[in-house]
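Going line by line, the protein sequences match chains A and B.
If you number the first sequence the way numbering that gives the first Met the number 0 does, the last residue is 279 and the count never jumps.
If you number the second sequence the way numbering that gives the first Met the number 0 does, the last residue is 281 and the count never jumps.
A quick write-up on the structure given underneath.
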Amino acid sequence: MASPRTEHPGIGGAVPRFSWKTSLAALIILGLTGYSVAGTDFNIIELLRGTGDAERFVSEMFPPDLSAATLGTAGTGILETFQMSFLGALLGATVAFPLSALGTQEISTVGASRGERLLRAVPYHLSRMLLNVFRSVPDILWALVFVVALGLGPFPGTLALAVHSAGVLGKLYSETLEAVPGRPVEALAATGANGFQTFLFGRLPQAMSAFTSLTLYQWECNIRSATILGFVGAGGIGQQILISMNLFDYPKVATLVGATIIVVLLVDRFSAAIRQRLAY
Amino acid sequence: MRGVSLENVSVRFGGVAALGDVTLGIKSGEQLAVIGASGAGKSTLFRALTRSVPLGSGRVAIGGHDLYALPRRRLNELRRRIGTIYQAYNLVPQLPAGVNASLGEVGGMGGLGTLRTFLSGPGAGLAKRVRAALEEVGLGDKAGVRTADLSGGQQQRVAVARLLVQRPDLILADEPFAAVDPVTTERVLETLQHLNREGATLLVNLHDVEIARRFPRVVALRGGHVAFDGPPDQLTEDALAKIYAGDRGTTAGGEDPDLPYARRGIEGSIRLTEGRDGVSSH
C-alpha cells in the first residue's frame, strides 16, 4: 500500500508560523526593549545594591505605631478615601450613562440619506471626544487641576475621580452597548421601533448586568486611586501618609499603609463577590 | 397594505451576491412559502423587505411605497405594519415574556409612553391585550417570567404573542420552525394562518419542504435567484432536486452569503443548525 504522497501538509500549532511578519514583530519587540532599558537606566545590579537602604526603611517601620491617635487618623483617612471613591464612581456613572448612549453607533442606517447620517454622527463624535478627554487625562492630573481651582481637600479629589470615572465608564458602557447581541435589536427596528425605543428595550436590558459590574469595578479602582490623590493635596488617606513620610514617622506610615491595604483588599473581595453573582 | 413587490432586486455582501435580480409579486392577503438551500438568499430576501440590508439595485415596494426611498419617520410607520418572527426568536432575553410580547406595540408608543412602559410596564389597555395574546399561545401564566428562562418552543410562542399584539398587515416568518418541536410548529403555523385568514399577508421562510407543501404558493430560491414559483403540486422531485442540487448538507463557510452576519459575532452558532436545509426533519 504505497501512499502517493509522503509529504504532510502541516497544519501548525497555535503559535504563528515563522514568517517575515513574525520575524519583524520579534525584531520590533527586541528593539523597543533595548531602547526602553537604555532610556530608563534600568539596572538590576543597582536594584540589588539598594536592598540595604530598603531594608533599613522597612525595619524602621516596625513596630507600627498602634496608638489610639494614629489609629484614629487612619480611620478618618480611610473613611474619607471610601467616601471619595464611592461618590466619584456614582457621579462618574451618572455622567457616563447619557454620554455613552449618545456615543453608541446605531446599526441600522440602511438606506439613510447622507444628511441623516451626518446628523447622527455629530452627537456620536462629540460625546466620544468628550469621554476621551475625560479618560485620557489621569485622575491625579485632574486632582491637580481641581486643587488649583478649588483649594486643598477631599472635594477636588472627589471631582477628579468623578471626571476620570466618567471617561472610563462612558467608553466601557458604549462598547458594551455596541457589543450586545444585535438580532433582538434589529428585530425591534424591523417592526418600527425608533432609535430611542431600540436603545431602551433592545440594548439597555442586555447591557444592564455588565453596566453594574463595570461600575463596581470602577469603584474598586477609585479606592486605589483615592489613596494616591492625597499626595497632591486632594484629600484621603494619602495626605496623611505624605505628612508622616515628611516627618520621617515611619511607624505611623506603616499603620496607614497597612490600613489602606486591608481596606483595598476588602473592597476588592466585596465587589468581586457581587460581580460574580451578576455574571450568569 | 396592498401587497409586496420586488423588481430586479440584487443584494451583495462584500462581492458575494446574496440576491440576484429577484422579481416577485405578492398580493395582499396571500400566503407564500419560500424554500431553498442554506445560503440561497432566503433570509436576505426577508431582510430586504424590512430595509435591514443595503440594496444593490432594484426596487422593493410594500403597499405601493418604495421602501428604500422612504424617510425615517415614514419607514417606521410602515414597519409598524410588518410583523417578524425568526428562527432564533430574537426576543430580548433579559425582559419578562410579557414585556417582550408588548413590544409588538413599541413602534406606536410616543416618547413619553415608551419611557412609561420602560419604567412601569405597559399601560392597562396594552397589558390586557398582552395577557390575552399570551393566553392564546398557552403561556398565560408566564407573563412575568424572564424570557431567557423559557424553553425555545415557549420563546417562539412569545414571539407569536408579540405578533398577536401587533396585528400586522404583513408577516415575515424567517424559519420559524427550525428550532422548535413539532407540537409548537403546528401551533405556531395555525396561529400564523389564522392571522392570514384575518387579512394579513403571510411570507414564511422554510427549510422543511413538507410544511411548504401546505401553502398555496411556493417560491424557491437557488443561488439568489428565483428557481421556482408556483403551486406546491408542481413541485416535483425533479424540481426539488434542482433546487437543492449542490447542497452538501453542511454549510460551506466561504460560500454562505449569510456569513457576514455570523462574522459580526451575532449568534453565529445559530447558523450551525441550518445545514439540514431541504431535509424534512420533523
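Just so you know, even glycine gets a beta-carbon here, dropped at the ideal spot from N, CA and C.
Note that this is a predicted model, so its numbers are computed, not measured.
- Within the same chain, and ignoring the five residues on either side of threonine 83(B) in sequence, the residues whose Cβ sits closer than 6 angstroms to its Cβ are Leu171.
- For the pair isoleucine 34(B) and alanine 199(B), the CB atoms are not nearer than the 7 angstroms cut-off.
- Take proline 183(A), set aside five residues on each side of it, and the residues of its chain with a beta-carbon closer than 8 angstroms to its own are Gly201, Gln205, in chain order.
- Between isoleucine 77(A) and alanine 253(A), the C-beta gap is not smaller than 7 angstroms, which leaves the two residues out of contact.
- Burial state of proline 167(B) is buried, judged by a 10 Å Cβ sphere holding 16 or more other Cβ atoms.
- Within chain A, the residues whose beta carbon sits less than 8 angstroms from that of threonine 83(B) are Ala186, Ala189, Thr190, listed in sequence order.
- Taking 8 angstroms as the cut-off between beta carbons, the residues of the stretch 94 to 110 of chain B near chain A are Leu94, Val98, Leu102, Gly103, Val105, Gly106, Gly107, Met108, Gly110, in sequence order.
- Proximity of threonine 183(B) to chain A, defined by a Cβ-Cβ separation below 7 angstroms, is not satisfied.
- Short of 6 angstroms from the beta carbon of histidine 224(B), and not among the five residues preceding or following it, lie these beta carbons of its own chain, in chain order: Gly19.
- A distance below 6 angstroms between beta-carbons, with the five flanking residues on each side excluded, links lysine 141(B) to the following residues of its chain, in chain order: Ala96.
- For phenylalanine 227(B), DSSP records a beta bridge to Ala219(B).
- Listed along the chain, the chain B residues whose CB falls inside 9 angstroms of the CB of proline 122(A) amount to none; the nearest CB is some 16 angstroms away.
- By the 16-neighbour rule on beta-carbons within 10 angstroms, arginine 116(A) is exposed.
- Here DSSP, grouped into helix, strand and coil, assigns glycine 35(B) to coil.
- For the 7 angstroms CB-CB criterion, proline 250(A) and proline 63(A) form a contact.
- Counting of Cβ neighbours within 10 angstroms places alanine 160(B) among the buried residues, the total reaching 16 or more.
- Looking at Glu209(B), Ala178(B), Phe214(B), the one whose alpha-carbon comes closest to that of leucine 191(B) is Phe214(B).
- Rounded to the nearest whole angstrom, the C-alpha separation of proline 92(B) and alanine 147(B) is 4 angstroms.
- Within chain B, the residues placing a beta-carbon under 9 angstroms from that of glutamate 115(A) are Pro70, Arg71, ordered along the chain.
- Look at glycine 82(B) here: in three-state DSSP terms it is strand.
- The three-state reading of DSSP puts phenylalanine 247(A) in coil, since its state is none of H, G, I, E or B.
- Residues of the stretch 35 to 60 of chain B with a C-beta atom less than 7 angstroms from some C-beta of chain A are Thr49, Arg50, Ser51, Val52, Pro53, listed in chain order.
- When C-beta distances to chain A are compared with 7 angstroms, the residues of the stretch 117 to 132 of chain B below that value are Phe117, in chain order.
- When 7 angstroms is used as the limit between beta carbons, asparagine 75(B) is near these residues of chain A: Gly191, Asn193, in chain order.
- DSSP places leucine 18(B) within a strand segment (E or B) once states are collapsed to three.
- For a cut-off of 8 angstroms, the C-beta gap from isoleucine 236(A) to leucine 255(A) is around 6 angstroms, short enough to register as a contact.
- For a cut-off of 8 angstroms, the C-beta gap from valine 105(B) to leucine 213(A) is around 27 angstroms, too long to register as a contact.
- With a minimum length of 4 residues, the unbroken runs of alpha helix (DSSP H) contained wholly in the stretch 90 to 163 of chain A fall at 113 to 135, 138 to 149.
- Taken through DSSP and simplified to helix, strand or coil, phenylalanine 12(B) comes out as strand.
- Contact annotation: the stretch 218 to 237 of chain A touches the stretch 146 to 166 of chain A, with at least three C-beta pairs closer than 8 angstroms.
- Under the DSSP assignment, aspartate 173(B) falls in the beta strand (DSSP E) whose first and last residues are 169 to 173.
- In the displayed model, serine 27(B) falls within coil according to three-state DSSP, outside both helix and strand.
- In the DSSP secondary-structure assignment, valine 256(A) is not bridged to any residue.
- With distances taken between CA atoms, tyrosine 88(B) lies nearest to Asn99(B) out of Asn99(B), Ile81(B), Arg78(B).
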